[in-house]
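Heads up, the thing below is written out as structure tokens.
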Amino acid sequence: MKINYQETTSDLLTRINIHDAYGARDIDKWMLEVLPLEQGMTILDVGCGAGKQCFSYLTYLSGKANITGGDVSKELLAKAEEENAKLGKRVTFQELDFNQTFPLASDTYDLLSCCFAIYYAEDIPFTIKEMHRVLKPGGHLFTTGPMPENKRMFYDIIHETTGKEIPPMPGSSRYASQILASLQSEFSEVRVEIFENPLTFPQVEPFLAYTRASLSEDRRLWNAFFQTKEDFEKIMAKIAEVAQKRFDHNKQLVMTKVVGGFLAEK
Ligand SMILES: C[S@@+](CC[C@H](N)C(=O)[O-])C[C@H]1O[C@@H](n2cnc3c(N)ncnc32)[C@H](O)[C@@H]1O
0 MKINYQETTS
10 DLLTRINIHD
20 AYGARDIDKW
30 MLEVLPLEQG
40 MTILDVGCGA
50 GKQCFSYLTY
60 LSGKANITGG
70 DVSKELLAKA
80 EEENAKLGKR
90 VTFQELDFNQ
100 TFPLASDTYD
110 LLSCCFAIYY
120 AEDIPFTIKE
130 MHRVLKPGGH
140 LFTTGPMPEN
150 KRMFYDIIHE
160 TTGKEIPPMP
170 GSSRYASQIL
180 ASLQSEFSEV
190 RVEIFENPLT
200 FPQVEPFLAY
210 TRASLSEDRR
220 LWNAFFQTKE
230 DFEKIMAKIA
240 EVAQKRFDHN
250 KQLVMTKVVG
260 GFLAEK
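Okay, so the sequence shown: first residue is 0 according to numbering that gives the first Met the number 0, each after it adds one.
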């Protein structure tokens, strides 16, 4: 499956900031509870983006771990390096395309994480095999991604606005099905954890900012909805009306993120 996807730094950071501001729960805290983290570990974070998870592990382990972050986006890696410089360059960041053989030795890592990224892989079994290869025997792979019921209100509003069926999303359409099945066939044991986080918007504006950052993240998937910037702005204006009606009725807008954490042992 060829996935035309390119995360932009500003869209990703906009969504992270909105989760922080309006979410009831902290996903980084949840991950730290679920992950088998110990000082002295060798850790690889694949699809590391601007380094959110790498820096969270570094702080949690008081800097006593060997942490590498890999991503295909030079722009996001540069952002990660900016933060890394402030923290004394304790994390190694490198280019890594998970659609290619990883430029890394086999049996190397105690823990490999891949947060909100694995579903962009073109060939899921290939990428999972590569992740399995670079893990030490007994090492763990942890992935996160959207479950099918994720962000229902967001999709309901877009459906109500356009009258069109929502296209299958690379994440929610295959994370709990194809990706979980691939993990189960490659690894000896897979545990499934669920994280639910209601985002409560006290005005319509932050929901619209989220919608913009989310639609443009996956803009090629929304081809049937808009192609030009003008079409996009027209749809955004209609989404604003539908969201405002819901808001006037309920006095708030609540969008629940439903995330699956899959912890697999080699
Ligand atoms: C939604 S972001 C998540 C980033 C980070 N893990 C976080 O949670 O903030 C998805 C990430 O997957 C990366 N990505 C997409 N395709 C990739 C590929 N072929 N190889 C490596 N990373 C990729 C993107 O560049 C982006 O950083």
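Ideal placement from N, C-alpha and C gives every residue a C-beta, glycine not left out. Since the model is a prediction, treat every value here as computed from it, not as a measurement.
Across the structure, L134 and T13 are spaced so that their CA atoms are roughly 32 Å apart. Judged by DSSP in its simplified three-state form, L140 adopts strand. Sorting G144, D106, F115 and E148 by C-alpha distance to the C-alpha of R132 places D106 at the top. Judged by their CB atoms, F92 and A79 are nearer to each other than the 9 Å cut-off.
Look at I165 here: in three-state DSSP terms it is coil, with no helix or strand label. Membership of N83 in the alpha helix (DSSP H) is indicated by the continuous run K73 to K85. For S213, the shortest separation between its Cβ and any heavy atom of ligand 1 does not lie below 8 Å.
Contact check for V33 against E192 passes: the beta carbons are separated by less than 9 Å. Cβ contact annotation for R190 (same chain, cutoff 6 Å, sequence separation greater than five): L262, in chain order. Taking 8 Å as the upper bound for CB-CB distance, T199 and Y21 are in contact here, some 6 Å apart. Taking a C-beta distance under 9 Å as the contact criterion, A242 and F206 qualify as a contact pair. Assignment of beta-bridge partners to R190 by DSSP yields L262. No Cβ-Cβ contact shorter than 9 Å links F101 with L110.
As DSSP reads the structure, Y108 sits in a beta bridge with L134. Between K265 and L140, the C-beta gap is smaller than 9 Å, which places the two residues in contact. The set of residues with CB atoms less than 5 Å from any heavy atom of ligand 1 reads, in chain order, E6, G46, G48, K51, D70, V71, S72, L75, D96, F97, N98, C114, F115, A116 and Y119. Counting C-beta pairs closer than 8 Å gives three or more between the segment 114–125 and the segment 166–173, which meets the contact rule. G69 is bridged by DSSP to V45 and Q93. Beyond the five residues adjoining it in sequence on each side, P124 comes within less than 6 Å, by CB distance, of S181 in the same chain, given in chain order. For G39, the closest C-alpha among the options P166, D247, K163 and L57 is that of L57.
The three-state reading of DSSP puts P197 in strand, counting E and B together.
Listed in chain order, the non-local C-beta contacts of P35 below 6 Å within the same chain comprise H139, local neighbours out to five positions each way being set aside.
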